[in-house]
Amino acid sequence: MTAEEINNLLQGSPDEMYRALLKELGRYVYVIVFNKLRSCGTNEDVEECVSDVFAELFIAVEDGNVQDVKALAGTIARRRTIDTFRKLSASGRKTVSVDDEEFPELVDAINVENASDNNEVRRILINEINALGEPDSTILIQKFYYNRTSAEIAKTVRMTASSVRSRCTRAMERLRTSLTAIGITR
Numbered sequence: 052m053t054a055e056e057i058n059n060l061l062q063g064s065p066d067e068m069y070r071a072l073l074k075e076l077g078r079y080v081y082v083i084v085f086n087k088l089r090s091c092g093t094n095e096d097v098e099e100c101v102s103d104v105f106a107e108l109f110i111a112v113e114d115g116n117v118q119d120v121k122a123l124a125g126t127i128a129r130r131r132t133i134d135t136f137r138k139l140s141a142s143g144r145k146t147v148s149v150d151d152e153e154f155p156e157l158v159d160a161i162n163v164e165n166a167s168d169n170n171e172v173r174r175i176l177i178n179e180i181n182a183l184g185e186p187d188s189t190i191l192i193q194k195f196y197y198n199r200t201s202a203e204i205a206k207t208v209r210m211t212a213s214s215v216r217s218r219c220t221r222a223m224e225r226l227r228t229s230l231t232a233i234g235i236t237r
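To convert a position in the sequence shown, counted from 1, into this note's numbering, add 51.
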């Protein structure tokens, strides 16, 4: 919509100009606002911001200094949306004193002791697998860490698939024995 068309509509009927602007730019403005506010605002916040954008756009158009309405609408929408985003983000932050009796106890989702134990078991397991030697260590790592089939492993270690399966079975038995000797039974 050109500035001349807007002026003609404004001279004839301002209501028609408002409807034409809403029809032409409504989706454009809504997309700009929605893409920024969807992470922190509600649908009502988005609608309110779109209304504010059009109110500001209508005032600017009535003043008559508009050359490119779509560019102006985009600029107003981005600026108004950023202001609304900042307002909503700031209102979501509440400062609570640690001394407050209603301050919730912080619960750690990670059990450090279990995580440390698991890491230690993993380290021991890898060391024991490597102690089996080649090609047994490669076969076990390929099979259980990388979920490769016996045929895929066979190509890597230049063996037949049946040889890989039998070596895997024997290596697992030796690994189980060495881990039991260390005290790991799970």
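The C-beta atom is built at its ideal place from N, Cα and C for all residues, glycine as well.
Values in this document were obtained by computation on a predicted structure and should not be read as measured data.
In chain order, what residues of the same chain have a beta carbon less than 8 Å from the beta carbon of M68, not counting five sequence neighbours either side?
Locating residue 68 in the sequence shown gives position 17, where the first residue counts as 1. Answer for M68: I57, L60, L61, V112, listed in chain order.
Just confirm the distance between the C-beta atoms of E107 and R131, as a whole number of angstroms; I'd bet it's less than 8 Å.
Reading the sequence shown from its first residue, position 56 is the one you call residue 107. Reading the sequence shown from its first residue, position 80 is the one you call residue 131. Indeed they touch by this definition, with Cβ atoms about 7 Å apart.
Quick one: Cα of R199 to Cα of S217, how far?
Taking the first residue of the sequence shown as position 1, residue 199 is located at position 148. Taking the first residue of the sequence shown as position 1, residue 217 is located at position 166. Each residue's Cα considered, the two are about 15 Å apart.
Between the CA atoms of S140 and G92 - distance to the nearest angstrom
By 1-based counting over the sequence shown, the position of residue 92 is 41. By 1-based counting over the sequence shown, the position of residue 140 is 89. Taking the straight line joining both Cα atoms gives about 9 Å.
contact_flag[the region 114 to 127, the region 79 to 99] where n(CB pairs < 8 Å) is 3 or more:
yes
Tell me whether D134 is buried or exposed, calling it buried when 16 or more other Cβ atoms sit within 10 Å of its Cβ.
Residue 134 sits at position 83 when you count from the first residue of the sequence shown. By the 10 Å Cβ count, D134 comes out exposed.
For T236, which of N94, N165, V172, N116 has the nearest alpha-carbon?
Counted from its first residue, the sequence shown places residue 236 at position 185. For the residues N94, N165, V172, N116, the minimum Cα distance to T236 belongs to V172.
Within 10 angstroms of its Cβ, does S213 collect 16 or more other Cβ (buried), or is it exposed?
Along the sequence shown, read from residue 1 onward, the residue named residue 213 stands at position 162. Label assigned to S213: exposed.
Contact defined as beta carbons within less than 8 Å: I believe A222 pairs with L191. What is the distance between those atoms, to the nearest angstrom?
The sequence position of residue 222 within the sequence shown is 171, counting from 1. The sequence position of residue 191 within the sequence shown is 140, counting from 1. That belief holds up - the Cβ atoms of A222 and L191 are roughly 6 Å apart, short of 8 Å.
Return the CA-CA distance between D187 and E164, expressed in angstroms with no decimal places.
Taking the sequence shown and counting its residues from 1, one reaches residue 187 at position 136. Taking the sequence shown and counting its residues from 1, one reaches residue 164 at position 113. When rounded, the distance between both Cα atoms is 32 Å.
So, is T189 buried or exposed, given that buried needs 16 or more other C-beta atoms within 10 angstroms?
Mapped onto the sequence shown, residue 189 falls at position 138. Buried is the call here.
Residue interval of the alpha helix (DSSP H) (run including E113):
Numbered from its first residue, the sequence shown carries residue 113 at position 62. E113 -> alpha helix (DSSP H) spans 94 to 114.
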